[in-house]
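Comments concern the structure below.
In UniProt numbering, the protein residues as written are 1 to 1025.
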């Protein structure tokens, strides 16, 4: 998986998903035993070839850090011991390519295609279904490659550790796998030597998909241009026009050079014993290794420029834009401090929050509210992923003729902030947000630490100092106390007086896609012209060899695996209590929340008129950002940031566990705060519910444009999700509602809204929605908190509920749709992409139906034994599979797929495959393990009990399905496949969706009843109206 630039401005509490409902497993060692084990590790001690370099207690993160190095190879090791059952392991390397062939990215894929100890093809994907991993992946960054996983099971941990380490240190690196994962010349029809020869390859298609997104084009070019002298000047993931110049020998040489123990970094986290990790790694892989000079992969600091630079690039036109005259993007980037200067990095992060986050930030006021843009672009924030950090402000929805104006406003804003400084409360709000982030517990805490530390570690920064967040806050506070203009000084140094500044502008070229396609065809033509007839014959033969290899039956018995008997017998049960406060139902869950209270409420919207319901997502976006009768929106936002993690409104559509046609519709509200601030949080909620002011036309227009802009940024990254939603909406009334509120239908609606000149009627609609939902008439709620503050917090909730209007009645009203159309239909959303996103949806049964568990197992079985080999390995797509959704929809999908009709044929042929495939018990057990990966995933204290609250699914429901899943047999799978997946079955609803370029072939599938939805033509039609 490719990791692009990560720039952070905002963070928020995430929702719980239906399948995530089991808490952390209990650790078997006592606290005393764990402490005795850790006491062995003192500075200078040598254990299993490793010497302990540093031991440090990090109180704010409740962990002890151990930094070690391997004596003979110099390999580095970081272990973070914490009482957390979701243990993490990672092996990483500093990888610094000097061309854009995608070498580290293709090597990342190819190492996971078989190794000395595990010689079967593709052990990585096979382990996905032989494990209870809570996370498994591999990632290529601009200058690193890491292979992380997490699991709660010690046996599983050792299995995955063995597979991962054998993959990186002793991979097979077969040329066949290089051709499959990287690139190859091959006939479109492998069995027909007269068919045309084209480029194929998983990474080749993945990178074409990555650059479907204009913002990814901008991000990559900016990185390449602002750091031009070394590895960051190239595309580490690979440029599709350069990838075909990569030779197999280059891959072997790159592995030999960079995947050496001396250039490696090992990471572990959690409560599993460190000594066993060290023994395993040393005895199995490092004991006989030599040492090389790892400085060969070091990245030097960038030489600073004497004067700023400007560049302009082209991109593809975006048919989803609301205003085609505002098609420009501009990014102004400054190269800042060395990443190893940890205190400055922290201070620049704080500064970026002050300058960019929320309506009180200077750049928001000057560059977003000024109407010179429609909002910040995703390439905005402070980035500390490379050797030199950077501060970037990017804007979307800019008229190209205003590029110069933006630069002037930017400079004026910098000068004004240096002159005026920041309000004390604004700084306090940012520091409060950092405190909340530190205390907020997530289920993937160890992984987040790894991702945050990797780049610093990659450049030999002080990891212990980086973990001591409280120290960084204290130092900054002291510096600001000693020098009230300290922050202005940072701005002066890194922004105003910094000549290493790149202004990058981007605007669409109508011929962009045509030029890219022509360049690819020219590259192909050049390669084919150089081939002899014998070499062309080899292409045909090699294609047949690869196909035969992909179809070969393998012995996967060489891979370690968990067994069904390794699963626990019962779910971990949460104790919740339910009662009413001021007539409003409240679910209470006492949890170890680390001094934070987590609140949720559901406002039922069944009674809201239909014409207003489709506007609820926009209402959710604007309602907490418009201010109240007592506080303007800037003041209210600052009050919120000072005391809470934000007041959030979200769509809520929850399917009924006993019916695929019934659902709850509403608005989910949520917030969290430090316990000491709970009364302030209730007062803020009360102010918003009772006094919200949705009357500022200029503010409303700004938010509408921002929302419309933000929505289009995710389509290419999550194209398969949009395709699945679109297909599902054709078969399920519940999915139809979700599509209307969050799918492409909503994106298109927001585009039309953003094109509206008079927003006054829409603002009145927002006020009508507020009058319907901002009361306690149809409210039910839940809170997770610690025992110590229970009484105080509940008293605060009572005051909040007492202040609300309305009389509580029927908080849990269900909607029902009895429509019975069963014909097949499809939507083709025409978008200017170079790859496709395909989906087929079949409506099946609800959660409590006996077939639901069977279909869950069937979806995993079809993915691993059929769809993955066909769609990814043979078809060259980045991914493909099947899943059973919470609404009871059996969804097929493909992701970044060079094919379309072939993929839909594969979806339709799934039933035939199952009839012919000898379903072994091991196949079925592996599919079950894949399901239990999801349902046994850890849940943080903040989310415990939430499945019961949002969907009404109890612990007994979970246990009942758990037993059903374990008992699923081959006969049940075949019966379910015949009932739901066999084409032409009477009474079965089938929908299809395709996101991608124009496609005449799709219309030849006449029985699918395709409707072509061309965004570009629709936009042109509206423009001429």
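Backbone N, C-alpha and C define an ideal beta-carbon position, used for all residues, glycine too.
For this session: Out of 912, 994, 854, point me to the one whose CA is closest to residue 721's CA.
Result: Per the Cα distances, 994.
Problem set entry | Residue burial classification, residue 925 (beta-carbon count within 10 angstroms, cutoff 16) | Looking at its Cβ environment, which holds 16 or more other Cβ atoms inside 10 Å, residue 925 is buried.
Exercise. Residue 610: buried (16+ other C-beta within 10 angstroms of its C-beta) or exposed?
Worked result: By the neighbour-count rule (16 or more Cβ atoms within 10 Å), residue 610 is not buried but exposed.
Exercise. Alpha carbon to alpha carbon, what distance is there between residue 205 and residue 545?
Worked result: In a straight line, the C-alpha of residue 545 is about 21 Å away from that of residue 205.
For this session: Identify which residue in 915, 866, 133, 509 has its Cα closest to the Cα of residue 893.
Result: That would be 866, whose Cα lies nearest to the Cα of residue 893.
Problem set entry | Pick from 124, 346, 848 that is closest to residue 659, judged by C-alpha positions | It is 848.
For this session: With a 10 Å radius around its C-beta and 16 neighbouring C-beta atoms as the bar for buried, classify residue 530 as buried or exposed.
Result: Residue 530 sits exposed, since fewer than 16 C-beta atoms from the chains shown fall within 10 Å of its C-beta.
Problem set entry | Rounded C-alpha distance that separates residue 353 from residue 505 | For residue 353 and residue 505, the distance between alpha carbons rounds to 24 Å.
Exercise. Among all the DSSP beta bridges, which residues are the ones paired with residue 1030?
Worked result: This structure gives no information on residue 1030, because the portion of the chain shown stretches from 1 to 1025.
For this session: Return yes when the Cβ of residue 180 is within less than 9 Å of the Cβ of residue 163, no when it is not.
Result: With respect to residue 180, residue 163 sits apart: the two C-beta atoms are not nearer than 9 Å.
Exercise. Hey, which unbroken runs of the beta strand (DSSP E) at 3 residues or more fall wholly within the segment 434-512?
Worked result: Taking only runs of at least 3 residues, the beta strand (DSSP E) segments lying wholly in the segment 434-512 are 501-508.
Problem set entry | Nonlocal neighbours in the same chain, by C-beta distance under 8 Å from residue 286, ignoring five residues either side | These residues qualify, in order along the chain: 49, 70, 72, 73, 75, 261.
Exercise. When DSSP labels each residue in this structure, what does residue 826 get in the three-state scheme?
Worked result: Assigned with DSSP and collapsed to three states, residue 826 falls in strand.
Exercise. Apart from the five residues just before and just after residue 941, which ones in its own chain have a Cβ nearer than 7 Å to its Cβ?
Worked result: Shown here for residue 941: same chain residues with a beta carbon closer than 7 Å to its own, the five before and five after excluded, namely 441, 591, 592, 593, 784 in chain order.
Problem set entry | Three-state secondary structure (DSSP) of residue 840 | Secondary structure at residue 840: strand, using DSSP grouped into helix, strand and coil.
For this session: Leaving aside the five residues before and after residue 1002 along the sequence, list all residues of the same chain whose C-beta is less than 7 Å from its C-beta, in chain order.
Result: Excluding positions up to five away in sequence, the list reads 828, 900, 901, 994, 1010.
Exercise. Can you tell me the Cα-Cα spacing of residue 647 and residue 639, whole angstroms?
Worked result: In a straight line, the C-alpha of residue 647 is about 11 Å away from that of residue 639.
For this session: Go through the segment 179-223 residue by residue and report every complete run of the beta strand (DSSP E) that reaches 3 residues or more, in order.
Result: With a minimum length of 3 residues, the continuous beta strand (DSSP E) runs that stay inside the segment 179-223 are 184-187, 197-200.
Problem set entry | N- and C-terminal bounds of the alpha helix (DSSP H) containing residue 790 | Note, residue 790: alpha helix (DSSP H), 790-803.
For this session: Confirm, please, whether the CB-CB distance from residue 779 to residue 814 is below 9 Å.
Result: Not closer than 9 Å, so no.
Exercise. Around the Cβ of residue 823, are there at least 16 other Cβ atoms within 10 angstroms (buried) or fewer (exposed)?
Worked result: So residue 823 counts as exposed.
Problem set entry | Backbone secondary structure at residue 663 - three-state DSSP | Per DSSP, reduced to three states, the secondary structure at residue 663 is strand.
Exercise. Secondary structure at residue 715, three-state DSSP: helix, strand or coil?
Worked result: When DSSP states are grouped into helix, strand and coil, residue 715 belongs to the coil group.
Exercise. CB-CB under 8 Å to residue 966, same chain, minus the five flanking residues each way: which ones, in chain order?
Worked result: So the list reads 564, 567, 928, once near-sequence residues are dropped.
Exercise. Whose C-beta lies closer than 8 Å to the C-beta of residue 612 among residues of the same chain, with five residues either side of it excluded?
Worked result: Hits under 8 Å: 765, 768, 769, 772.
Exercise. Nearest to residue 309 by alpha carbon, out of 631, 228, 637, 321?
Worked result: Closest by alpha carbon: 228.
For this session: Measure the beta-carbon distance from residue 80 to residue 275 and round it to whole angstroms, keeping in mind my assumption that it falls under 8 Å.
Result: Not confirmed; about 15 Å, so no contact.
Problem set entry | The beta strand (DSSP E) enclosing residue 927, as first and last residue numbers | First-last for residue 927: 921-935, but that is the alpha helix (DSSP H), not the beta strand (DSSP E).
For this session: Determine contact between the segment 425-444 and the segment 401-414, defined as no fewer than three beta-carbon pairs at a distance below 8 Å.
Result: Too few Cβ pairs lie closer than 8 Å, so no.
Problem set entry | Contact with chain C by residue 986, beta-carbon distance below 9 Å | As a matter of chain content, chain C is missing from the structure shown, which is built from one protein chain.
For this session: Within the same chain, show all residues whose beta-carbon is closer than 6 Å to that of residue 949, passing over the 5 residues directly before and after it, in chain order.
Result: Excluding sequence neighbours, residue 949 sits near 587, 782.
Exercise. What whole-angstrom Cβ distance do residue 199 and residue 524 have, given they're in contact under 8 Å?
Worked result: Correct: roughly 6 Å between the Cβ atoms.
Exercise. At which residues does the beta strand (DSSP E) containing residue 402 begin and terminate?
Worked result: Membership of residue 402 in any beta strand (DSSP E) is not indicated, and neither H nor E is assigned to it by DSSP.
Problem set entry | Collapsed DSSP secondary structure at residue 242 in the structure displayed | In the displayed model, residue 242 falls within coil according to three-state DSSP, outside both helix and strand.
Problem set entry | Nearest candidate by alpha-carbon position, reference residue 150, set 182, 194, 316, 450 | The residue with the shortest Cα to Cα distance from residue 150 is 450.
Exercise. Whose C-beta lies closer than 8 Å to the C-beta of residue 633 among residues of the same chain, with five residues either side of it excluded?
Worked result: 359, 625, 626, 627, 696, 699.
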